[in-house]
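Peer 1: First the structure, which I've put down as C-alpha cells, then a few questions once you've had a look.
Here it is in C-alpha cells:
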C-alpha cells in the first residue's frame, strides 16, 4: 500500500502561535489529560536518570575496587573531550599560578613546552591510543616513514589490548560447613566425594 504525501497545512484561523494560557479554554478533563501526560513522561525520565546515576556510581565503585580512582577516570575523559591546545593552555596557566605562589609544581614550568620523547616513541603512543579508542588505522600522511610505521605498530598494539579479554577472575566462593564438624575436625560427606 503506497503512502500518500504529507499534506502541507497552513494556519487559516485563530492565533498562529500558542501563547501563554493558550490552553485555558480546555475542559477540566482535557487539562487533566494534558497534565497526566506530562507527569507520566517526566516521572519516567526521572526514573531513567536515577537508574543511570546508580549505574554510574556502581561503575565508579567497580573501577575503584580495580584500583582506578574516580579522579583518574574524570581526568582521562576530560583529556579525550577537550581540545589538546585548550588542555595545554590550562596546564600552563595552573603551573604559572603555582610558580607565582612559590609552590613546588611551579618550579617545573618548562614541563609543557615540548615533548622530550623521540618522534618514533611519540608516534607509537599516538597510534596505540588511537587503537585503544577503536579509531581507524589512519596515521597522518605528513609523517615521515619511520613515524608512520611506528604509529601503525602502536595502533596494532592498542587493538591487541582491546582484543584481549580482560576480566577479573571469579570471586573465591565461600565454603560453608557445619560448625560442629569444623571444630571437631570431622570429615564432611562432601569432602569424601571431592577427594575421590
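In this note's numbering, the protein residues as written are 1 to 196.
C-beta: ideal position from N, C-alpha, C; glycine also.
Could you confirm whether any beta carbon from chain C is found closer than 8 Å to the beta carbon of residue 123?
Peer 2: Looking for chain C here will not work: only one protein chain is present.
Peer 1: Taking all protein chains shown into account, do 16 or more other C-beta atoms lie within 10 angstroms of the C-beta of residue 142, making it buried, or fewer, making it exposed?
Peer 2: The sequence position of residue 142 within the chain shown is 142, counting from 1. That one is exposed.
Peer 1: Put residue 37 into one of helix, strand or coil per three-state DSSP.
Peer 2: Stepping through the chain shown from its first residue, residue 37 is reached at position 37. Residue state, collapsed to three classes: helix.
Peer 1: Using CA coordinates, which residue listed in 151, 89 and 27 is at the minimum distance from residue 118?
Peer 2: Here the question's residue 118 lines up with position 118 in the chain shown. Looking at the Cα atoms, 151 is the closest of the given residues.
Peer 1: Measure the CB-CB distance between residue 147 and residue 130 and report whether it falls below 8 Å.
Peer 2: Taking the chain shown and counting its residues from 1, the one referred to as residue 147 is at position 147. Taking the chain shown and counting its residues from 1, the one referred to as residue 130 is at position 130. Contact flag unset, no.
Peer 1: Compare the Cα-Cα distances from residue 80 to each of 135, 32 and 8 and report the closest residue.
Peer 2: Residue 80 sits at position 80 when you count from the first residue of the chain shown. The option with the nearest alpha carbon to residue 80 is 135.
Peer 1: Since residue 105 and residue 132 are thought to touch, with beta carbons under 8 Å apart, how far apart are those beta carbons, to the nearest angstrom?
Peer 2: Your numbering for residue 105 matches position 105 in the chain shown. Your numbering for residue 132 matches position 132 in the chain shown. That pair is no contact at about 28 Å.
Peer 1: Using the C-alpha atoms, what's the distance from residue 76 back to residue 90?
Peer 2: Against the chain shown, residue 90 aligns to sequence position 90. Against the chain shown, residue 76 aligns to sequence position 76. Going from the Cα of residue 90 to the Cα of residue 76 covers about 15 Å.
Peer 1: Are residue 124 and residue 154 close, meaning C-beta to C-beta below 8 Å?
Peer 2: Within the chain shown, residue 124 is the residue found at index 124, counting from 1. Within the chain shown, residue 154 is the residue found at index 154, counting from 1. Result yes, Cβ atoms of residue 124 and residue 154 sit closer than 8 Å.
Peer 1: List the whole-angstrom C-beta distance separating residue 128 from residue 98, where the pair is believed to meet the contact cut-off of C-beta under 8 Å.
Peer 2: The residue labelled residue 128 in the question sits at position 128 within the chain shown. The residue labelled residue 98 in the question sits at position 98 within the chain shown. Actually they do not touch by this definition, with Cβ atoms about 30 Å apart.
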